[in-house]
Amino acid sequence: DYERLNRVRADLNEMIGKQEALKKELAKSSDEDKEELEQAFNQARQNKREYQKLFEQLSLGNIDTARFSQPKTSEAPLTETYNWQNEVLKILQPVFAELRRITEQTWHKDTLKEEEKELKERLVILDAGIEYLEALNPELLSKEALASIKEFDREWKDKKKNLEHELNIVQHHLSEYVDDRNFMVKVSQNSWDFMKGRGLTIMTAIGVSVGLYYFVSYTFGAMIRRYERKKWRTTSFSFRLFLLVTQLVTFLVSLVSFLMILHSSGDMVLFGFAVLILFTLLVTFRNTIPAYIRKLRLFLNLGQVREGERLIYNGLPWKVDRIHLYGIFLSNPRLDNGELRLPVDAVDKLQSRPIKNDEIWYPSSVGDSLVLPDGKVVKVIRQTPEAIYLDHQGSHIIYPTMEFMNLKARNISLGYSRSVSFSIECDPLSVTPKKVSETLCRAIQTRLKEAYPDISLSERRIKVHLKQIVGGKVMHFTVMFDMPVQTEKLYFEMPSIVQEAIIGSAQNEQWTLLTIDMAV
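Residue numbering for the sequence shown follows my numbering, beginning at 100 and increasing consecutively.
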């Protein structure tokens with residue numbers, strides 16, 4: 100733009116002439132006017148420097164000449180004490196410089212806009228003042244007042260011209276930030292430039308580090324499978340320590356390769372960003388080191404919870420199948436889908452113990468019959484870690500597991516005991532408790548054999564106890580019978596069978612039966 104270049108050069112010549120004139124006036128001035136002339140001279144010199152920079156920049160095609168200024172360098176001391184904090188700052192310095200460069204343009208643009216706004220407002224006010232000054236009628240003014248008015252007119256027009264020069268410089272700098280490209284064009288071009296430069300470096304570093312991670316993991320995995328074929332116990336401390344070391348080595352190899360690629364690319368900004376992120380993670384997670392130590396102890400099978408043992412979680416017993424570095428796997432053989440995967444933190448305060456052969460993993464099994472506290476007899480059709488599904492005469496009942504455990508239902512499929520009480524009147528000299536017991540045992544066995552030929556009840560499962568004798572003739576007895584497993588179908592019928600046996604025995608032995616009732 101030749102016209103603009105000529106205009107800036109003309110303004111520069113005007114600034115040089117003004118500076119020379121002010122210099123001469125400053126040499127002739129008295130002490131009273133010296134301070135004001137010095138301020139005007141300094142302002143003219145500053146405007147001349149700005150126009151010189153502007154003319155130089157326009158001559159070179161609007162390049163950023165400020166980036167070619169040489170900063171002062173200081174000689175480093177011959178002996179320097181090593182300080183790791185200074186070394187870290189040296190590594191991170193390119194990062195902060197890049198962040199400053201990214202934000203500096205926006206900040207500078209906003210500053211120039213505010214400055215342009217302020218200069219325009221001042222020019223409007225100044226124009227109004229000069230217009231009023233020029234509108235004064237000189238015929239109505241004295242000679243001294245008219246001379247002062249002319250002096251003011253010259254001074255304020257010089258100030259207006261200085262403000263216009265400053266406004267031109269500010270508007271020129273603002274024009275450097277104007278981008279006429281479409282938004283999508285700018286986004287696509289900037290994205291493509293990033294992908295060709297730092298984006299390609301980052302993708303290469305990530306690809307190589309991930310590839311090395313899987314390669315090293317596969318190599319160690321092959322070694323682990325080879326040891327497993329040799330039947331090396333997977334619960335041994337040495338094996339777990341080996342797994343821990345392999346994971347640590349794999350992570351370090353991947354991390355070091357990532358940093359090496361960033362450093363080798365020569366882009367210290369990316370390298371500094373990576374170091375800054377690592378340093379931030381270390382500072383952020385330093386308080387979690389004790390928790391990681393507990394996890395490592397648990398993984399090495401040295402903690403309170405150990406592999407192959409039994410623990411109680413949420414009120415249910417579980418077997419610790421496997422302990423991983425990031426989780427623990429539990430199982431319950433009595434439950435459908437009886438497997439759980441928990442984070443290590445969930446069992447941090449629990450404690451396991453060795454398992455014996457006769458451990459009970461759940462109060463019931465599928466197909467068992469239970470007696471609920473309200474007297475209902477139900478059958479288990481399914482039980483999971485969350486709920487138990489029961490059948491009562493064709494209708495289904497679902498209880499949450501913890502609520503069912505609190506019910507304390509009786510499992511009659513594993514056997515049960517019931518009792519019947521009765522009272523007879525007889526001669527205690529002819530009818531002894533032993534005779535009553537033997538007679539009732541035979542009668543109960545006979546009645547049971549008639550009703551259910553496939554079920555037998557031995558005498559040791561039937562007990563007849565004399566509770567008390569009233570008036571010398573009335574004897575109160577209690578018949579207790581222990582039923583074996585798989586006899587839950589007789590839970591309601593067996594008391595009736597016993598009552599029938601008591602009635603029949605009383606008739607055959609000519610006992611006077613007074614009362615008969617059934618206990619729980």
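Cβ atoms here follow ideal geometry from the backbone N, Cα and C, with glycine treated the same way.
{"query": "Among all the DSSP beta bridges, which residues are the ones paired with Glu524?", "result": "Val573, Thr611"}
{"query": "Note down, in chain order, each residue of its chain lying with its Cβ closer than 6 Å to the Cβ of Arg546, except the 5 sequence neighbours on either side.", "result": "Ile596, Glu599, Ala600"}
{"query": "Would you grab the beta carbon distance between Thr349 and Val309 for me? Rounded to a whole angstrom, and I think it's under 8 Å.", "result": "Contact flag wrong, Cβ pair sits at about 11 Å."}
{"query": "The beta strand (DSSP E) spanning Ile487 covers which residue range?", "result": "486 to 491"}
{"query": "Going by C-alpha to C-alpha distance, which of Met322, His362, Ser364 sits closest to Thr345?", "result": "Met322"}
{"query": "Check the C-beta distance from Val563 over to Leu539 and give it rounded, since I have them as a contact under 8 Å.", "result": "5 Å"}
{"query": "Please report how far the alpha carbon of Ile376 lies from the alpha carbon of Phe370, in whole angstroms.", "result": "10 Å"}
{"query": "Take every Cβ of the segment 483 to 502, pair it with every Cβ of the segment 541 to 558, and state whether three or more of those distances are shorter than 8 Å.", "result": "no"}
{"query": "Looking at the structure shown, is Phe580 part of a helix, part of a strand, or coil, going by DSSP?", "result": "strand"}
{"query": "Can you find the residues in the same chain that come closer than 8 Å, C-beta to C-beta, to Pro176, ignoring five residues on each side of it along the sequence?", "result": "Legend: pLDDT at Pro176 = 46, less than 50; position of this residue unreliable, no value from coordinates given."}
{"query": "Taking DSSP as the reference, what is the three-state secondary structure of Ser129?", "result": "coil"}
{"query": "Following the continuous alpha helix (DSSP H) through Phe357, name the residue where it begins and the one where it ends.", "result": "336 to 363"}
{"query": "Assign Tyr313 to one of two classes, buried (16 or more other C-beta atoms within 10 Å of its C-beta) or exposed (fewer than that).", "result": "exposed"}
{"query": "Examine the Cβ distances between the segment 400 to 419 and the segment 442 to 451 and report whether three or more of them are shorter than 8 Å.", "result": "yes"}
{"query": "Against chain C, does Leu232 count as a neighbour if the rule is that its beta carbon must be under 9 Å from one of theirs?", "result": "Given the protein chain composition of this structure (a single chain), no chain C is represented."}
{"query": "Can you list, in chain order, the residues of its chain with a C-beta nearer than 7 Å to that of Pro442? Leave out the 5 residues immediately preceding and following it.", "result": "Gly426"}
{"query": "Applying the 10 Å Cβ sphere with the 16-neighbour rule, what's the burial state of Trp417?", "result": "buried"}
{"query": "For the beta strand (DSSP E) containing Pro442, list its first residue and its last residue.", "result": "Here Pro442 belongs to no beta strand (DSSP E), and DSSP marks it neither H nor E."}
{"query": "Cβ atoms of Ile360 and Arg397: under 9 Å apart, would you say?", "result": "Just to set this straight, residue 397 is Leu in the shown sequence, not Arg. No; because the gap between Cβ atoms is not below 9 Å, this pair is not in contact."}
{"query": "In the DSSP output, what is Gln567 paired with across the bridge?", "result": "His575"}
{"query": "Would DSSP call Trp417 helix, strand or coil?", "result": "strand"}
{"query": "Does DSSP put Val404 in a helix, in a strand, or in coil?", "result": "coil"}
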